[in-house]
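What follows is one structure encoded as structure tokens, with my remarks underneath.
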Amino acid sequence: MTRREVVRQVLEGARPPYVPWSFGFTVEARAKLQEHYGAVALESVLGNHLLSLGAGVGFMTDLGNDHVRDHFGVIWDRSIDKDIGNVAEYQLSEPTLRGYAFPDPVEDRYFADIPAKIARYGDRFRVYQVGFSLYERAWTLRGMANLLMDFVEHPAFVHELFETIADWNIAQVQRALTYDIDAIYFGDDWGQQRGLQMGPRLWREFIYPPLKRMYGYVHSQGRFVMIHSCGKVDELFDDLVGIGLNCFNPFQPEVMDVYALLPRYRGRLAFHGGLSTQRTLPYGTPAEVRAETLRLLAAGREGGYILSPAHSVEGDVPLENMLAFIEAAQEQVT
Numbered sequence: 000m001t002r003r004e005v006v007r008q009v010l011e012g013a014r015p016p017y018v019p020w021s022f023g024f025t026v027e028a029r030a031k032l033q034e035h036y037g038a039v040a041l042e043s044v045l046g047n048h049l050l051s052l053g054a055g056v057g058f059m060t061d062l063g064n065d066h067v068r069d070h071f072g073v074i075w076d077r078s079i080d081k082d083i084g085n086v087a088e089y090q091l092s093e094p095t096l097r098g099y100a101f102p103d104p105v106e107d108r109y110f111a112d113i114p115a116k117i118a119r120y121g122d123r124f125r126v127y128q129v130g131f132s133l134y135e136r137a138w139t140l141r142g143m144a145n146l147l148m149d150f151v152e153h154p155a156f157v158h159e160l161f162e163t164i165a166d167w168n169i170a171q172v173q174r175a176l177t178y179d180i181d182a183i184y185f186g187d188d189w190g191q192q193r194g195l196q197m198g199p200r201l202w203r204e205f206i207y208p209p210l211k212r213m214y215g216y217v218h219s220q221g222r223f224v225m226i227h228s229c230g231k232v233d234e235l236f237d238d239l240v241g242i243g244l245n246c247f248n249p250f251q252p253e254v255m256d257v258y259a260l261l262p263r264y265r266g267r268l269a270f271h272g273g274l275s276t277q278r279t280l281p282y283g284t285p286a287e288v289r290a291e292t293l294r295l296l297a298a299g300r301e302g303g304y305i306l307s308p309a310h311s312v313e314g315d316v317p318l319e320n321m322l323a324f325i326e327a328a329q330e331q332v333t
């Protein structure tokens, strides 16, 4: 059975032959593993089951001095966060789209890597990633504080902005699905440690309708829907399942009970994540990391689970701790 088939079983609610895995690493953590393995391309040694395709959060143009401009025109400061950065200059200074032009959603460079990656890693489950897919794209364009105020003071603008972003996403997904792709993965952080950033009422008023349209399009094409949303958002799981979500990431144990939620939703919603990146990985011993990994593997043996750290592994995680969870996962099939 290929990795692709194993993940498909998980998302369809069946019991897989083993728990699949897919790990991500920040620039600093990846460098440690590359030095250890002597491999620049870690995909050859990790054995990940998900194949990431597309541009993710989008393309960045280097402006020098640790600043980059994304394809929506937003300028990011990467002096501290080397992977994405912090918004230094947004585009929408006023609550209007007048005078602003979205980039072309079907530009060739979004899809340029797909044929070669599928040819090289054809046995993996193919996931096209749309980063900053709605709320995050909106606040990076408008500024987070401004957008949160707009929810109350300029609701018509927020609806227009979100629906325009959803149109852009659907246009890109439409072209992506001309390739042999299994799922669309939307990235959009709604949560914080104690709940939703905008609260459930505003989430359902502004975010739910375009999500329903986006997820509905993907399912109309016979593909799976996966999302990433950091923070405590488990109060939304029933809403999300109702509009077609198949897999949720990052499944943070710091903010939700992963061992209660996994069996509760098995057969309706799969999870990808679960290994603590705030506590266990940076501060635990290799033995503690291994023990927690084995506990997650045992919990996921009946299905509905893809093993992973709850987020991309940061540079403060010791190499020995990274090897502990990598090796525990790989031992299932050796």
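Quick note: the sequence shown, position 125, residue 124 per numbering that gives the first Met the number 0, numbers continuous.
Heads up, the beta-carbon is just placed ideally off N, CA and C, and yes, glycines get one too.
Reduced DSSP secondary structure (H/G/I, E/B, other) of residue i
i	result
arginine 14	coil
alanine 269	strand
asparagine 168	helix
asparagine 320	helix
leucine 296	helix
leucine 32	helix
isoleucine 206	helix
proline 285	helix
aspartate 107	helix
isoleucine 305	strand
valine 39	coil
Nearest-angstrom Cα separation, counted from residue j out to residue i
i	j	result
leucine 280	arginine 263	26 Å
arginine 212	tyrosine 282	41 Å
aspartate 82	serine 219	33 Å
arginine 141	alanine 327	43 Å
tyrosine 207	histidine 35	44 Å
valine 56	valine 312	18 Å
Beta-carbon proximity of residue i to residue j, cut-off 9 Å
i	j	result
aspartate 149	proline 94	yes
glutamate 253	glutamine 191	no
alanine 175	isoleucine 113	yes
tryptophan 189	glycine 230	yes
phenylalanine 22	phenylalanine 324	yes
asparagine 47	arginine 3	no
valine 5	serine 51	no
valine 224	isoleucine 183	yes
Unbroken alpha helix (DSSP H) run spanning residue i, endpoints
i	result
threonine 279	279-282
glycine 198	198-201
serine 43	42-45
First through last residue of the beta strand (DSSP E) which encompasses residue i
i	result
valine 86	85-88
valine 67	66-69
aspartate 61	59-63
tyrosine 184	182-186
Every unbroken alpha helix (DSSP H) within the segment 109-160, with a cutoff of 4 residues, ordered by chain: Residue ranges of uninterrupted alpha helix (DSSP H) with 4 or more members, entirely inside the segment 109-160 and ordered along the chain, are 113-119, 134-141 and 143-152.
To test your reading of the DSSP string, which unbroken beta strand (DSSP E) runs of 3 or more residues are found completely within the segment 216-275? Listed in chain order, they are 223-227, 246-248 and 269-274.
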